[in-house]
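In my numbering, the protein residues as written are 4 to 679.
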């Protein structure tokens, strides 16, 4: 049996929606156990998200429920409590009382050796042929009437809102107000203790207390192993320690105690004052100071204090795993759901080390198990905000399954369960879907894994906008203080990301090109386009969001869908540009700085376009030709512009972005800043 899901209600930032965390699925878990090796990494449950999104809260909920049970008022969602308090003020009838609820989904494998005696009370008639069942744990009031009466007293007093809410919290924290009750899926109460079913070892992030942490950790392990080994010879060990104590005491008495007492006797009678110094060696004092941790570097034993923080953190994780496996009886593994959680293991690790950790944690755990001959069926849960761990997880398992993306929406934790089937839906041809999924997994690794940790994302189709946008973002109020990622994705492949973007709920500005189709003659003559009537687009993104039509006269000025805004060129200075470069040239045709860069990049073409005139209007009339001539030098064009921006002292002379991009950035600011 294994933990399949956990739904958290009203706990801290969790509400009643989008609150389900999914763990390893039945199929992959069975494949893991049936294989020759215990393959932890591919079926590890990964919980990813930005800081303060609720990742650690999930582990805290499990830890409190399983190991501690000490829920307090501060564990409730404060928005939820404030709404309840308002209801108590406004309603005279029966009102809901505060509660925390945890719906625990337990998977049961076919032909398993697991002991499921603990689960029998939760098996309702409908569960007989099912491979899973549900346990409902509620932290709720023992006496609702008394609680509501006491709340009414608080409301009756003329108190400031802040003080009233504080007293409401104090009321919840009063001893014996709340208790944890268990129910099956039918709502029937069950006498139960979750400790009898689930075991959790939580390994915290950055548990390095001092420069002796490793020595202390391994001393604990050695002490446990040593005590286990010497149980039968315990009396002999005690006799040895007693013998050492007697010998040392005799030496101390002869060398020190006698002299001290003789000196005291000169001042006061020895009947009144006398000392006795003795050796007090015990098994605990002996073993506590037995282990000294050193690491070996080119045959030199280096003190623990010189060990790098990254390696120290890794060794502390390994020490915790060893300690867990040493002390946990093998007989309990098949009678319990065994969980190991590791919180942010990337702490102090460089990127490559993070990826190797995720990739090879399987081998490390397998080696530990082999050394102890234990058949451990533990599930591994890792919380992280590392794009490198995420990359390694996706590519080690070759899937998006078992990844929970945690974000914040409307001040509540919002959980998105990622699966291959929803990242790339099964609504396309099988081969095409397989290729899209393969592309997405590979492309994320090399390009855009940080989109999971961004405040907002911008997709572009070329190197020019990718380079320049970062500069403009840094200069824009409402954007520069947010973490915004800019990704360069070819328009033909950008659509593959759209379902994932919708799932993550991250504001996404997709900047694409009209890509107006021209015939051969128009290209040869560099014809400027003044009208899009009867014109077609070759851009897949445009076609997809234009009712699968490539006709541009049907295209609206902008496309906004949920958390996505798709921006593309509109009419600029009398012409329809077909790319960012052309839109940029048209928008800034009379800008001196841009003209200098154009002249430097393409001196002969620039001279041909301008002729003897000093009127920059010629640049506007030949924007398409200039864009075509820059097509093989886009990166150089972008870098030359960026250099000119940086060294330019007068900010007013910096070229401006085309309108369609400015509109897109304004939309992004509104999404990020809200009503502010």
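Beta carbons are placed, not taken as given, at the ideal position from N, Cα and C, and that holds for glycine. In this text the structure is predicted, and so the values were computed from the model without any measurement.
Assigned secondary structure, residue i (DSSP; H/G/I helix, E/B strand, else coil)
i: residue 417; result: strand
i: residue 647; result: helix
i: residue 484; result: coil
i: residue 165; result: helix
i: residue 126; result: coil
i: residue 262; result: helix
i: residue 540; result: strand
i: residue 103; result: strand
i: residue 279; result: coil
i: residue 242; result: helix
i: residue 32; result: Annotation note: pLDDT 45 at residue 32 (below 50); position unreliable, coordinate value reported separately. Residue 32 falls in the helix class under three-state DSSP.
i: residue 188; result: coil
i: residue 182; result: strand
i: residue 255; result: helix
i: residue 193; result: strand
i: residue 660; result: coil
i: residue 512; result: strand
i: residue 551; result: coil
i: residue 70; result: helix
i: residue 304; result: strand
i: residue 519; result: strand
i: residue 98; result: coil
i: residue 357; result: helix
i: residue 314; result: helix
i: residue 633; result: coil
i: residue 352; result: coil
Strand pairing of residue i, partner residues [DSSP]
i: residue 108; result: 8, 137
i: residue 611; result: According to DSSP, which records beta bridges pairwise, residue 611 is partnered with nothing at all.
i: residue 50; result: 386, 407
i: residue 489; result: 461
i: residue 699; result: Not covered by the structure: residue 699. The range shown for the chain is 4 to 679.
i: residue 144; result: 181
i: residue 64; result: The partner list for residue 64 (beta bridge, DSSP) is empty, contrary to what the question assumes.
i: residue 25; result: 8
i: residue 79; result: 14
i: residue 55; result: Bridge partners of residue 55: none, in fact.
Counted within 10 angstroms of its Cβ, other Cβ atoms place residue i as buried (16 or more) or exposed
i: residue 322; result: buried
i: residue 426; result: buried
i: residue 245; result: exposed
i: residue 382; result: buried
i: residue 469; result: buried
i: residue 301; result: exposed
i: residue 484; result: exposed
i: residue 90; result: exposed
i: residue 276; result: exposed
i: residue 690; result: The question about residue 690 has no answer, for the chain in this structure spans 4 to 679.
i: residue 85; result: exposed
i: residue 497; result: buried
i: residue 434; result: exposed
i: residue 15; result: buried
i: residue 417; result: buried
i: residue 317; result: buried
i: residue 259; result: exposed
i: residue 7; result: buried
i: residue 123; result: exposed
i: residue 358; result: buried
Below-9 Å beta-carbon distance, residue i vs any chain C residue
i: residue 458; result: Here chain C cannot be found, since the structure has a single protein chain.
| What runs of the beta strand (DSSP E), each 3 residues or longer, lie entirely inside the region 395-477? | 406-412, 415-421, 459-463
| said: With a threshold of 8 Å, are at least 3 pairs of Cβ atoms found where one atom belongs to the region 437-452 and the other to the region 656-670? | reply: no
| request: Please determine if the region 542-551 and the region 583-602 are in contact, where contact requires at least 3 C-beta pairs separated by less than 8 Å. | output: no
| task | Spell out a yes or no on whether the region 526-539 and the region 469-486 are touching, meaning 3 or more CB-CB pairs, one atom from each, closer than 8 Å. | result | no
| task | Write down every uninterrupted run of the beta strand (DSSP E) in the region 562-630 whose length is 3 residues or greater and which is fully enclosed by it, in chain order. | result | 562-564, 567-570
| field | the region 47-61 contacting the region 149-159, beta-carbon criterion three pairs below 8 Å | value | The region 47-61, when compared against the region 149-159, does not touch it at the 8 Å Cβ threshold.
| If we count Cβ pairs, one from each stretch, closer than 8 Å, do we get three or more for the region 385-405 versus the region 453-472? | yes
| request: Give a yes or no on contact between the region 134-144 and the region 180-192, applying the rule of three or more CB pairs nearer than 8 Å. | output: For the pair of segments examined, the region 134-144 was found to touch the region 180-192: the number of CB pairs separated by less than 8 Å reaches three.
| Between the region 557-565 and the region 637-648, are three or more C-beta pairs nearer than 8 Å? | no
| task | Taking 8 Å as the threshold, find out whether the region 508-516 comes into contact with the region 436-444 through three or more Cβ pairs. | result | no
| request: Report yes or no: do three or more beta-carbon pairs, one from the region 348-360 and one from the region 20-28, lie closer than 8 Å? | output: Touching, no, given that fewer than three Cβ pairs across the two stretches are closer than 8 Å.
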